[in-house]
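Trainee: What follows is a single structure, and I will ask about it in a moment.
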Amino acid sequence: MSATKPRDVQILPVGTNTTILRSRSWARLRFEIEYALAKGTTANSFIIQGDKIAVIDPPGETFTEIYLQALQERIDVKKIDYVILGHINPNRAATLKALREIAPQITFVCSNPGAINLRTALENEELPILVMRGEESLDLGQGHNLQFIPTPNPRYADELCTWDPQTNILFTDKIFGAHICGDQVFDEGWETFNEDRRYYFDCLMAPHARQVETALEKFADLPVRLYATGHGPLVRYALQELTESYKQWIKQQTNADMSVALIYASAYGNTATLAQAIARGITKTGVSVESINCEFADPEEIKTAVERSAGFIIGSPTLGGHAPTPVQTALGIVLSTATNNQLAGVFGSFGWSGEAVDLIESKLKDAGYRFGFDPIRVKFKPNEVTLQTCEEAGTDFAQALKRAAKKTVVARQPASNVEQAVGRIVGSLCVVTATQGDVKTGMLASWVTQASFNPPGLTIAVAKDRAMENLTHTDNNFVVNILAEGREIRKHFMKVYAPGQDRFAGLDTTEANNGGVILNGALSYLECTVQNRMEVGDHWLVYATVDDGQVLNQDGVTAVHHRKSASYY
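Note that the sequence shown ends on residue 569 in UniProt numbering; no numbers are left out.
Here it is in structure tokens:
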């Protein structure tokens, strides 16, 4: 789909007296890590029309105007009785305010934390609100006696799912979603959505795996025929498969050998966005994250998470020149609980100053803790470069933990016969480069091989914890720079880079037609488009077709990487 296609609202019945309004955008809407595939999104809202009318999850302000127009064309807005909210954030406030102006009679339905957020977002303490704690129901008539399932997690402490036993539809809000825009309302041919659903899980659900597992347990006995998700195609055809995939992905997180306690508070959502990017960088290494929003966590939860973690990271906004009280309380718990061999990290966002990050850093330094990355300070809303930096910082943090664990366990053992044999497979040395927006990155690669003649295609194995991994999803473009014998470029990319550091500083480069980076000192280059990829253990196997290419050095000889063992590069 073209990114220039205008936003619209797609309307379709999905069950008895139940209609979906899909606000669609083919462009990437926000600088948040879960949107990084840049495939657009749908904000799914629903109408249930019994004797009373309920609207579920109006979209954010990006869609306010077109959504309200579509809603008024569908129903008499002045007859809406309830607006049910799976979660509340400042982005949704504009739509809710506009809706109240048209229909002041509506009553909001949300969780108890949601009621607090809603009053803050709408700056109104007198809002008509029905608080659902999990035992109450809402009878709309004609069999639509709605039940409510609180499914809180640290990022969305107010999350609430809605179950309609009349239609057997579970309105799941964030759970089971995907950020992808298209014409399909349901997930026919659901295998094509697997990559997007997995990426969405990794970004949004993996840091809260234990809470998501609890949510699935609450759903287990429901005779669900449709997951009505907040984003992406509705889940009808892959109900069992996606549920089982979630269980498998959760198990990968909860069974990890090592965990990091990620403790934060967020005044306007910016610090939470940074936390999410850091968590993504950690979890892609196979280290799990226990994400804790200290505004809602009790002291014992923080203490327990720190005790069982190999490291901890604290994030804070700056309010009035200070860290908020919940962060200060959490810091005190950390200082009295963590040992000095646990790795530490600090990050935060601010408007005019960043004293909170300085305060936390100073306290941790004075207590003798080592840092897994330099403190991250972000002014106002993070952009995609900032998020890439945060993700790389999270990866560096986790890799440092794993290196330390290896040193304390056992030195590298001699390679086995099988490892020596497999290690004799050789590959050409290449530098793979890619660009997305303002993010540019590159990596040294030797697991590159031709995979097809027609069309010309290749495969490349990308370790899950590489910074490059995010830019090797389906439809992404990259450039394979095949190196000539010699060590100059090779040594350049063998360096350890700090998060966000320019990989191409000091190199002679040209921009490729697909936006990637051509190294003019390479032997040749290939411009490629990713067609699909497969998870293979600790790597992703990426298949891409070659769109263009050129030999830059007719007399050079391809550099080849020889190994003695298959257990390392």
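Cβ atoms here follow ideal geometry from the backbone N, Cα and C, with glycine treated the same way. Keep in mind the model is a prediction, meaning the values are calculated, not measured.
Terminal residues of the continuous beta strand (DSSP E) containing Trp540?
Mentor: Where Trp540 is concerned, the enclosing beta strand (DSSP E) starts and stops at 539-551.
Trainee: Which residues share a DSSP beta bridge with Ile314?
Mentor: Ile263, Val346
Trainee: How would you label Asn255, buried or exposed, when you count the other beta carbons within 10 angstroms and need 16 or more for buried?
Mentor: exposed
Trainee: Ignore the nearest five residues each way along the sequence and tell me which others in Ala451's own chain have a CB closer than 8 Å to its CB.
Mentor: Gly457, Leu458, Thr459, Tyr543
Trainee: Measure how close the beta-carbons of Ile333 and Lys303 come, nearest whole angstrom, since I'm counting them as under 8 Å.
Mentor: Ile333 to Lys303, Cβ: 5 Å. Contact.
Trainee: Should Thr337 and Glu384 be called a contact, given that it needs their Cβ atoms to be closer than 8 Å?
Mentor: no
Trainee: State the beta-bridge partners of Glu290 as determined by DSSP.
Mentor: When DSSP reads this structure, Glu290 sits in a beta bridge with Ala261.
Trainee: Going by alpha carbons, who is nearest to Thr120 out of Glu32, Leu140, Ala98, Ala93?
Mentor: Between Thr120 and the set Glu32, Leu140, Ala98, Ala93, the nearest pair of CA atoms involves Ala93.
Trainee: Can the beta-carbon of Ile129 be found closer than 8 Å to that of Ile106?
Mentor: No, the Cβ-Cβ distance between Ile129 and Ile106 is not below 8 Å.
Trainee: Going along the chain, which unbroken runs of the beta strand (DSSP E) with 3 or more residues stay wholly within the stretch 422-494?
Mentor: 430-436, 439-445, 448-452, 457-463, 477-482
Trainee: Figure out for me which residue from Gly549, Met443, Asn481, Asp202 has the closest Cα to the Cα of Leu37.
Mentor: Asp202
Trainee: As a quick exercise: from Phe373, Pro326, His492, Gly134, pick the residue whose alpha carbon is nearest that of Phe312.
Mentor: Comparing Cα positions, the closest option is Phe373.
Trainee: Provide the residue span of the alpha helix (DSSP H) that contains Asp358, from first to last.
Mentor: 355-366
Trainee: I believe Arg133 touches Asn112 by the beta-carbon criterion, under 8 Å. Please report the beta-carbon distance rounded to the nearest angstrom.
Mentor: 6 Å
Trainee: Which word fits Val9, buried or exposed, when buried means at least 16 other C-beta atoms lie within 10 angstroms of its C-beta?
Mentor: Under a 10 Å Cβ-count criterion, Val9 is classified as buried, with 16 or more other Cβ atoms of the shown protein chains found around its own Cβ.
Trainee: Just the Cα atoms here: how many angstroms apart are Pro154 and Ala305?
Mentor: 13 Å
Trainee: Measure the C-alpha to C-alpha separation of Lys78 and Ile53 and round it to an integer number of angstroms.
Mentor: 10 Å
Trainee: What is the DSSP secondary structure of Phe186, counted as helix, strand or coil?
Mentor: Assigned with DSSP and collapsed to three states, Phe186 falls in strand.
Trainee: Counting pairs of beta carbons, one from the stretch 184-196 and one from the stretch 234-253, are three or more of them closer than 8 Å?
Mentor: yes
Trainee: Can you check the stretch 189-240 for any beta strand (DSSP E) of at least 3 residues that lies completely inside it and give the ranges in chain order?
Mentor: 226-229
Trainee: Assuming Thr472 and Val462 form a contact by the criterion Cβ under 8 Å, report the distance between their Cβ atoms to the nearest whole angstrom.
Mentor: 5 Å
Trainee: For the candidate residues Arg100, Leu226, Pro104, whose alpha-carbon lies nearest to that of residue 577?
Mentor: Limits of the chain in this structure are 1 at one end and 569 at the other, which puts residue 577 out of reach.
Trainee: Would you check if the distance between the CB atom of Leu96 and the CB atom of Asp57 is smaller than 8 Å?
Mentor: Not a contact, by the Cβ cut-off of 8 Å.
Trainee: Between Phe493 and Gly442, which are expected to be in contact by the criterion C-beta below 8 Å, what is the C-beta distance as a whole number of angstroms?
Mentor: 7 Å
Trainee: Helix, strand or coil, according to DSSP, for Ser567 in the structure here?
Mentor: coil
Trainee: Could you give the C-beta distance for Ile250 and Gly394, rounded to a whole number, given that I count them as a contact under 8 Å?
Mentor: The pair is not a contact, with the Cβ atoms about 19 Å apart (cut-off 8 Å).
Trainee: Within the same chain, show all residues whose beta-carbon is closer than 7 Å to that of residue 574, passing over the 5 residues directly before and after it, in chain order.
Mentor: A query on residue 574 cannot be resolved here, the shown segment of the chain reaching from 1 to 569 and no further.
Trainee: Taking its Cβ as the centre, do 16 or more other Cβ atoms sit within 10 Å of Arg403, making it buried, or is it exposed?
Mentor: exposed
Trainee: With DSSP collapsed to three states, give me the class of Asn145.
Mentor: strand
Trainee: Tell me the DSSP secondary structure of Val306 in three-state form.
Mentor: helix
Trainee: Who are the near neighbours of Val34 in its chain, counting only those whose CB is closer than 8 Å to its CB and skipping five residues on each side?
Mentor: Strictly speaking, residue 34 in this sequence is Glu, with Val absent from that position. Contacts found: His179, Tyr199, Tyr200, Cys203, Leu204, Gln276.
Trainee: Quickly, what does DSSP pair Ile169 with across the bridge? List them, please.
Mentor: Asp164, Leu226
Trainee: Considering just the uninterrupted stretch of the alpha helix (DSSP H) at Ile56, what are its terminal residues?
Mentor: From DSSP, Ile56 is part of no alpha helix (DSSP H) but of the beta strand (DSSP E) over 53-56.
Trainee: Three-state secondary structure (DSSP) at Ile66?
Mentor: helix
Trainee: If I follow the unbroken alpha helix (DSSP H) through Leu96, where does it start and stop?
Mentor: 90-102
Trainee: Roughly how many angstroms lie between the CA atoms of Gly506 and Val517, to the nearest whole one?
Mentor: 13 Å
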